[in-house]
Every structure is written in C-alpha cells, then in structure tokens.
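**Student:** Sending over a structure as structure tokens; questions will come in a sec.
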Amino acid sequence: MKADPVQNIRELLVQQVLLNPGRESSVKLKKELSYISRERIHRPMIYVGMATCGIAAGARKTFDAIREYLDENGIEADLVEGGCVGHCSAEPVVDVQLPGRTRLSFSRITAGKVQHMLDEVMNNNLPGEDMIGQYTSPIHQPWEGVAPVHEHPFFKLQHRLLLEHCGFLDPVSIEEYIARGGYWAFVDTISRHTPAQVCQLVEKSGLSGRGGGGYPAGRKWAITLNTTSDQRYFVCNAVESDPGSYMNRAIIESNPHRLLEAMLIGAYATGSTKAYIFIRKEFKLAIKRLKTALQQAAAYGLTGHHIFDSGVNIDIIVKEGARAFVCGEETALNNSIEGKRAMPSSKPPFPAIRGLWNKPTIVNNVETLFNVPLILRNGPDWFAATGTASSKGTKVFTLSGRTKFRGTIEVPMGITFREIISGIGGGMTEGKAFKAVILGINSGSYIIEETLDTKVDFEALRNIGSALGSGAFVVVDEDTCMVDMARFFTAFFKKESCGKCIPCREGTARMLEIMETSTRRPSGVNSFQPLERFKGVMQLKGLAAVIKDTSLCSLGRSSPNAILNTLKHFKGEFDTHIFERKCPANVCRDLRVFSIDVDLCTGCTACYKKCPVDAIIGSPRSPHFIVEEKCIGCGTCYEVCKFNAVLIK
Numbered sequence: 006m007k008a009d010p011v012q013n014i015r016e017l018l019v020q021q022v023l024l025n026p027g028r029e030s031s032v033k034l035k036k037e038l039s040y041i042s043r044e045r046i047h048r049p050m051i052y053v054g055m056a057t058c059g060i061a062a063g064a065r066k067t068f069d070a071i072r073e074y075l076d077e078n079g080i081e082a083d084l085v086e087g088g089c090v091g092h093c094s095a096e097p098v099v100d101v102q103l104p105g106r107t108r109l110s111f112s113r114i115t116a117g118k119v120q121h122m123l124d125e126v127m128n129n130n131l132p133g134e135d136m137i138g139q140y141t142s143p144i145h146q147p148w149e150g151v152a153p154v155h156e157h158p159f160f161k162l163q164h165r166l167l168l169e170h171c172g173f174l175d176p177v178s179i180e181e182y183i184a185r186g187g188y189w190a191f192v193d194t195i196s197r198h199t200p201a202q203v204c205q206l207v208e209k210s211g212l213s214g215r216g217g218g219g220y221p222a223g224r225k226w227a228i229t230l231n232t233t234s235d236q237r238y239f240v241c242n243a244v245e246s247d248p249g250s251y252m253n254r255a256i257i258e259s260n261p262h263r264l265l266e267a268m269l270i271g272a273y274a275t276g277s278t279k280a281y282i283f284i285r286k287e288f289k290l291a292i293k294r295l296k297t298a299l300q301q302a303a304a305y306g307l308t309g310h311h312i313f314d315s316g317v318n319i320d321i322i323v324k325e326g327a328r329a330f331v332c333g334e335e336t337a338l339n340n341s342i343e344g345k346r347a348m349p350s351s352k353p354p355f356p357a358i359r360g361l362w363n364k365p366t367i368v369n370n371v372e373t374l375f376n377v378p379l380i381l382r383n384g385p386d387w388f389a390a391t392g393t394a395s396s397k398g399t400k401v402f403t404l405s406g407r408t409k410f411r412g413t414i415e416v417p418m419g420i421t422f423r424e425i426i427s428g429i430g431g432g433m434t435e436g437k438a439f440k441a442v443i444l445g446i447n448s449g450s451y452i453i454e455e456t457l458d459t460k461v462d463f464e465a466l467r468n469i470g471s472a473l474g475s476g477a478f479v480v481v482d483e484d485t486c487m488v489d490m491a492r493f494f495t496a497f498f499k500k501e502s503c504g505k506c507i508p509c510r511e512g513t514a515r516m517l518e519i520m521e522t523s524t525r526r527p528s529g530v531n532s533f534q535p536l537e538r539f540k541g542v543m544q545l546k547g548l549a550a551v552i553k554d555t556s557l558c559s560l561g562r563s564s565p566n567a568i569l570n571t572l573k574h575f576k577g578e579f580d581t582h583i584f585e586r587k588c589p590a591n592v593c594r595d596l597r598v599f600s601i602d603v604d605l606c607t608g609c610t611a612c613y614k615k616c617p618v619d620a621i622i623g624s625p626r627s628p629h630f631i632v633e634e635k636c637i638g639c640g641t642c643y644e645v646c647k648f649n650a651v652l653i654k
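The opening position of the sequence shown corresponds to residue 6 in the numbering used here, with each subsequent residue numbered one higher.
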C-alpha cells in the first residue's frame, strides 16, 4: 500500500521536531524542513495577499487571473492564498519566487497587470514597475538591482516580531508553521516548565497587556493560577470593535497558529483546561482560518486530552460574538460567553479571581498573546532587550489616515510618533500640515505637534496625560475638524453604551446633544437657543468629570476623553464654533455658508439643477445666487461647479 505523504510529514514533524529536544540537529532534517517551510522550492511559488484588506482591494480577481494564466500556459506552480504583510496601501500584494532565486514582492497587482508581471518574471526578467523589493536569503540567488524589502521606507523602521510571518507563510498550513519553529515553545513548555515557572518567565520578560491597560501579563496569570478552584478559564479577546483598528483581525487571518500556540501556553500556565477565543462574527475570514487551524492542531495531537502523554488537557473553542463595543470590556465579554447580555460587572472581584461562571479567568487580547510563544522560545531577557525601561517589546498599530503609507505596523517601544509618521508613514499626503494623531476611540488620546516627539511608551504617555490605547493610530491633517471628530466619538459612545449605568447612558446622550448644538447653525425659531448652547458648553467639563468618576466600566469612563482632549488641545477651534458659528476646516455641514462669485459664474445651471432644496436662483448664461435661508449646507453646488465659482465662507 502506498504511503500517505501527509501522514509521513506529520510523523516527521511530530517525532523528529516537536518531540525531539535536539531539533534540526542533522543536515538531512534541516533540508527536509526547508522544503516543508517553502524556504526551498522545487517549482515556482506565487503568493497572493488574501487577508480582508487585500480582498477589499481586488486580490480575489488577481488570484483568479493568476490561476487562469498558469492554466493557459501549462505552468506547474504553487498558488497560495496568504495573509497580510501589513502594507495595506499597496494591496493587492503578490509575491513570486522561482526555484533557487529570492522571493520578489510586488504592489498593486490588479488582474490586468498579472500577465505582464508573470511573463517577465517567469522569463527571469524584472518588470519595471510595481516593485516593493526582494526578500534576502543566504541560500538563494538575489535579483540584481532590486532593493531588499526591509529597506523599503514602510518596513525600514519597523521591528517585526509578531508580524514576522504575517504575509509570508501559508496561514492554514500547520506543516509550514511547525517547520518554521511553530509549536516548539508549547511542547518545550509542558515538558520542561511548571505553570508557576511559565508565569514567572512571562513576568520577568516585562510583557504588559496591549489592550490599553498595560498591566503585567505574568503577574495577572499568577493571580489566576494561585486562586483555588476546580476549574479555570483562559480567554482571548479578539473583538476589536475600536474604529480605526483592524490589526488583530489582520494578524489572525495571517498567522492563526501563532494565536493557538499562545492560547495553549497561557492555558497551561494558568491551570486552565478550557480556552475561548471570543471574536466578532463579522470577521468571517479570520474565523474560517482559526477553525481550520484548530482542526489541524487537533489532528497533530496539540489540543485535547493528555497532549503528547504529558497529562495536560486543553480544549480551545472559537466563540463568535456580537459587534458590540462593550464586549471589549472583559466582564461584559465573559457575560456574553456565558450567553448573557453583554453588560459589564462591578470590579473587584476581577475576572482573574472570579470570571466565567464565577471561576478564575484570564482575559488577554490578541497582540498580548502573540508575544508569548516568542518569550518562551527565546527567553525573557531576549524579549526585555527590545523597548524601554518601562515598556518592553514592540507595539502593533493600525496606521491610517492622511499619510502616504498605511497598514498594520510593528514598532519597537521607544520609537517616537514623529518617526512613525515621517518614516513608516512616508509623511503627510498632499503637502498638508499635520494636526494630530488619534490613539483609538477608547483612549480618546491626541498626540499633537508639541508632543509629536513623545516615545511610544506607557510611562512617557502617562506623563503627557495620554494613553497608548489598543492600537488605532489615525493621522489627521489641517482639513480635519477636531470638534466634529469629538462629536463623532461621543455619538459612537452613546450608540454603543450598554445602558446599565446612568452616568454613561444619560451622560453620553447629554454630551452629544451639546456637541451637536455646537456644530449646528441656529434655527432662528427658538430665541433661547444661544443661551442654551453656552450653558451646555459650560457644563461639559463638569459633566465629563461625573461620567469619568461614576461610570461602571472603563469604556464608560473613557467616553468623555475625546471632548476633554479637544478642549485641552484645540480650544480655539471649539471657541470658533461656539462664538463665531464657523468651522475653520469647513467640515461641519450646518455651519458652512456657500456663495457664488458672480465674476466666475457662467450660468451653466449645473448647481441649479443639482440643489436638493431649490436654494439657487438665476437664469441660464447669467450669474446665479444662493438663498442662505434655504441652503442646508450640503455642498452639492460646490462639488458640481466646474468653474470654481462656488465659495465657502
């Protein structure tokens, strides 16, 4: 009977790699692993970035075009649906590697560009455009005249530990993951360390929670381990409902096995036999790849009962939950897992002592957990060598907004915000002036020009009255209205409030009402409207203080931050809205006043025809006029005018 090659690979990886303390000891084994990991290849390999960001940019059509090209030309090649390398503004990203040559990476490869690119590369030529670079390797022949990928401006200042394999390996190949060192840390951990020792190693490394709180992860784990109970739980918070952040989803889609390995180590360290990955049901691709990875891990004996004859029992369950922002709060998340309404509970006791079903429960976010296998494999001192005295390791951000390059980035703790924007981000777009960095809607923190040289560091940010947040990094320029931004944040919190406590439920509604009157033109009907507006603005700080002091959960307590930071850093902009009834950035629709320059107007009637409220009068081929009393400030006339005759006051 012919041997099953899959079974042979499985036995090789389990017996000679995972269960072998002297891994990679023989030259033969190293060579076999290099083929399993696709470090060496027998035939061309084409890798298409097929995370959510790539698919949104058209990667599915690119993938189909590549498959059609290979079929038409009779080329045998490995076509891989991969993850996200992080350079989302360059999607669709396609990598091509020929046997013996280094791997090339291309940007913005739409379906129409596929034939030209592959015609050139398959004939050992280089296309003259769309090149990101080549991945250098000591065992492969480099392409002349092609810069290494790590020297590209987007990657040059990054320190990719968590993102090391994202966008580079097949996310649903456990064989490739193991061949590149995956699950080695877990197997070593359950064979060499006690749970208490694992907690000590993680604490010694200096790893702090990356969900925004910054609490030492190892210390938190030890609390659960030392709490007497017949059952403990380990939970991964993969909700990521903070607008402007998608990094956790991206790294799960790109490397789900790393998360599973981290969950296994964490569950073992805390004495948990059951672990949950709580993820938004909208993250369909991430869920699909997680479930595939779980099936593969179970087939390899890495989960379940009596793992590798160690006596360790761990089951991992993917729990699909609602999009609700409040699920990011750990007690609300636990309630949702239990099948209850997602509402926070009073603390203390904290979940580490009394969480799921009143049992000790650890809740960590995806980024925090991704560090764990690296710490166990390389040692706590190795991890602590990166970062600052108070903040160890790296930080992953979702870089978005008004920069040249955007995507998922990983930087060492200690880098400045200015370096991220000018270096990794490639600077501001269209020559616009920098205004602020918004570090997530949850923290509501702003980094402005005066604090742009602040380091990415928990303590440094606390010193300027800010916080690191969960990972959103939104860069805004001079065309952004910060008052409107604060109004948006407040509207978001009002909508997402679970309604359990009065300060959050009623306070956010009242704050939104005040913000909306600040960005709206007086109606002229209510003579007390100006007085009400001024009174509301005067109450903002006091109202915010009450909400921060009395809200039940951290999400409610953070809801006024955006307003407070706008008043602190952009008070002049706020005053212009209140006293002059103008929006300096011309963003607040109800405060915009449009007029027509009669010297430039040709009477083409384009604005007249498009105005939704008939606020424009005039005859064909004669100057037109806007009736301010009827104008709703929609800006349609401004957009359709081809002669720049419509002006904004």
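Glycine included, C-beta positions come from ideal geometry on N, C-alpha and C. Model, not experiment: these values are computed from the prediction.
Could you pull the start and end residues of the beta strand (DSSP E) that V323 belongs to?
**Tutor:** Along the sequence shown, one-based indexing puts residue 323 at 318. D320 to G326 is the extent of the beta strand (DSSP E) around V323.
**Student:** Output the residue ranges of the beta strand (DSSP E) runs that lie fully inside the stretch 54-96 and measure 3 residues or longer, sorted by chain position.
**Tutor:** 83-87
**Student:** Could you spell out the range, first to last residue, of the beta strand (DSSP E) harbouring I477?
**Tutor:** Mapped onto the sequence shown, residue 477 falls at position 472. Per the sequence shown, residue 477 should be read as Ala rather than Ile. Element bounds for A477: A477 to D482.
**Student:** Go to C241, then tell me how far its beta strand (DSSP E) extends in each direction, as first and last residue.
**Tutor:** The sequence position of residue 241 within the sequence shown is 236, counting from 1. Here the beta strand (DSSP E) through C241 covers Y238 to A243.
**Student:** Leaving out the 5 sequence neighbours to the left and right, which residues in its chain are closer than 7 Å to A8 when beta-carbon positions are compared?
**Tutor:** Indexing the sequence shown from 1 puts residue 8 at position 3. Residue confidence is low: A8 scores 44 on pLDDT, short of 50, so the model does not pin down where it sits. Its coordinate-derived value is still stated next. Short of 7 Å from the beta carbon of A8, and not among the five residues preceding or following it, lies no beta carbon of its own chain.
**Student:** Could I get the ranges of all uninterrupted alpha helix (DSSP H) runs contained in the stretch 611-643, with 4 residues as the minimum, in chain order?
**Tutor:** 611-615
**Student:** So, under 8 Å CB-CB, I206 and I380 are touching, yes? Tell me the CB distance rounded to an integer number of Å.
**Tutor:** On the sequence shown, position 201 is the one that residue 206 refers to. On the sequence shown, position 375 is the one that residue 380 refers to. A small fix is needed here, since residue 206 is Leu in this sequence, not Ile. Contact flag correct, Cβ pair sits at about 7 Å.
**Student:** Apply the 10 Å Cβ neighbour rule to D247 and answer buried if 16 or more other Cβ atoms are within range, or exposed otherwise.
**Tutor:** Here residue 247 is taken as the residue at index 242 of the sequence shown, counted from 1. When all chains shown are included, D247 counts as buried.
**Student:** Which one of N130, C93 and R254 has the shortest CA to CA distance from I114?
**Tutor:** If you number the sequence shown from 1, residue 114 lands on position 109. Nearest C-alpha to I114: C93.
**Student:** Does DSSP classify E125 as helix, strand or coil?
**Tutor:** On the sequence shown, residue 125 is found 120 positions in, with the first residue counted as 1. It is helical.
**Student:** Take K66 and list the residues in its own chain whose beta-carbon comes closer than 6 Å to its own, dropping the five residues that flank it on each side.
**Tutor:** Indexing the sequence shown from 1 puts residue 66 at position 61. Contacts found: A116.
**Student:** For K7, name the three-state secondary structure that DSSP assigns.
**Tutor:** Counting from 1 along the sequence shown, the entry for residue 7 is found at position 2. Its pLDDT being 42, under 50, K7 is placed unreliably by the model, and the measurement read from it follows with that caveat. Coil.
**Student:** Checking the sheet assignment: what are the DSSP bridge partners for L652?
**Tutor:** Here residue 652 refers to the residue found at position 647 when the sequence shown is read from its first residue. Its beta-bridge partners are S600.
**Student:** Can we say the stretch 355-375 touches the stretch 265-277, given the rule of at least three CB pairs closer than 8 Å?
**Tutor:** yes
**Student:** Taking just the CA atoms, how far does N369 sit from M136?
**Tutor:** Position 131 of the sequence shown, counted from the first residue, corresponds to residue 136. Position 364 of the sequence shown, counted from the first residue, corresponds to residue 369. Cα to Cα, the separation comes out at about 38 Å.
**Student:** Determine the direct distance from the alpha carbon of I144 to that of K161, and round the result to whole angstroms.
**Tutor:** Taking the sequence shown and counting its residues from 1, one reaches residue 161 at position 156. Taking the sequence shown and counting its residues from 1, one reaches residue 144 at position 139. Rounded to the nearest angstrom, the two C-alpha atoms are 23 Å apart.
**Student:** With a cut-off of 8 Å, do at least 3 Cβ pairs link the stretch 210-219 to the stretch 178-196?
**Tutor:** no
**Student:** In whole angstroms, what separates the C-alpha of F630 from that of S600?
**Tutor:** Counted from its first residue, the sequence shown places residue 630 at position 625. Counted from its first residue, the sequence shown places residue 600 at position 595. Approximately 7 Å between the Cα atoms of the pair.
**Student:** Drop a sphere of 10 angstroms on the beta-carbon of K647, count the other beta-carbons inside from all chains shown, and report buried for 16 or more, exposed for fewer.
**Tutor:** Working through the sequence shown from its first residue, we reach residue 647 at position 642. It is exposed - the Cβ of K647 has fewer than 16 other Cβ atoms within 10 Å.
**Student:** Could you tell me the alpha carbon to alpha carbon distance between P508 and D320, rounded to whole angstroms?
**Tutor:** Locating residue 508 in the sequence shown gives position 503, counting from the first residue. Locating residue 320 in the sequence shown gives position 315, counting from the first residue. P508 and D320: Cα-Cα distance of roughly 40 Å.
**Student:** So, at 6 Å on beta carbons, what are the nonlocal neighbours of H170 in its own chain, with the 5 sequence-adjacent residues on each side left out?
**Tutor:** As a position in the sequence shown, residue 170 is number 165, starting the count at 1. Result list for H170: N260, in chain order.
**Student:** Looking only at its chain, what residues have a beta carbon closer than 8 Å to the beta carbon of H582, apart from the 5 residues adjacent to it on each side?
**Tutor:** For the purposes of this step, residue 582 is taken as residue 577 along the sequence shown, with counting starting at 1. V488, S523, T524, C588, C593 and L596, listed in sequence order.
**Student:** Helix, strand or coil, according to DSSP, for V655 in the structure here?
**Tutor:** Since the first residue shown for the chain is 6 and the last is 654, residue 655 is missing from the structure and cannot be characterised.
**Student:** Looking only at C-alpha atoms, which of L569, E325 and L265 sits nearest to G547?
**Tutor:** Stepping through the sequence shown from its first residue, residue 547 is reached at position 542. With distances taken between Cα atoms, G547 lies closest to L569.
**Student:** DSSP has A658 in a bridge; who is on the other side?
**Tutor:** Residue 658 cannot be examined here, being either before or after the span of the chain that is shown, 6 to 654.
**Student:** Taking buried to mean at least 16 other C-beta atoms within 10 Å of its own C-beta, is A329 buried or exposed?
**Tutor:** Here residue 329 is taken as the residue at index 324 of the sequence shown, counted from 1. Classification of A329: buried, given that the 10 Å Cβ count is 16 or more.
**Student:** If you draw a straight line from the alpha carbon of M6 to that of R237, how long is it in whole angstroms?
**Tutor:** Counted from its first residue, the sequence shown places residue 6 at position 1. Counted from its first residue, the sequence shown places residue 237 at position 232. No answer about M6 holds up, because its pLDDT of 35 lies below 50 and its placement is not dependable.
**Student:** Grab the span of the beta strand (DSSP E) containing Y140 for me, first residue to last.
**Tutor:** Position 135 of the sequence shown holds residue 140. Where Y140 is concerned, the enclosing beta strand (DSSP E) stretches over M136 to Y140.
**Student:** Helix, strand or coil for D193 per DSSP?
**Tutor:** As a first step, residue 193 must be located in the sequence shown, where it is residue number 188. Note: D193 maps to helix in three-state DSSP.
**Student:** In the DSSP assignment, what residue or residues form a beta bridge with G412?
**Tutor:** To locate residue 412, count along the sequence shown from 1; it is residue 407. The secondary-structure analysis by DSSP pairs G412 across a beta bridge with L404.
**Student:** Ordered along the chain, which non-local residues of its own chain (more than five positions away) have a Cβ less than 8 Å from that of T297?
**Tutor:** As a first step, residue 297 must be located in the sequence shown, where it is residue number 292. Excluding positions up to five away in sequence, the list reads V177 and P261.
**Student:** May I ask you to report which of helix, strand or coil DSSP gives Q146?
**Tutor:** By one-based count along the sequence shown, residue 146 stands at place 141. DSSP places Q146 in strand when its eight states are reduced to three.
**Student:** Taking just the CA atoms, how far does T107 sit from T141?
**Tutor:** Working through the sequence shown from its first residue, we reach residue 141 at position 136. Working through the sequence shown from its first residue, we reach residue 107 at position 102. Between the alpha carbons of T141 and T107 lies a distance of about 6 Å.
**Student:** Taking the alpha carbon of Q146 as the point to measure from, which residue in P104, E521, C612 and S450 has its own alpha carbon closest?
**Tutor:** One-based indexing of the sequence shown puts residue 146 at position 141. Per the Cα distances, P104.
**Student:** What first and last residue would you give for the alpha helix (DSSP H) that runs through R562?
**Tutor:** Locating residue 562 in the sequence shown gives position 557, counting from the first residue. Taken as a continuous stretch (DSSP letters only), the alpha helix (DSSP H) holding R562 covers S559 to S563.
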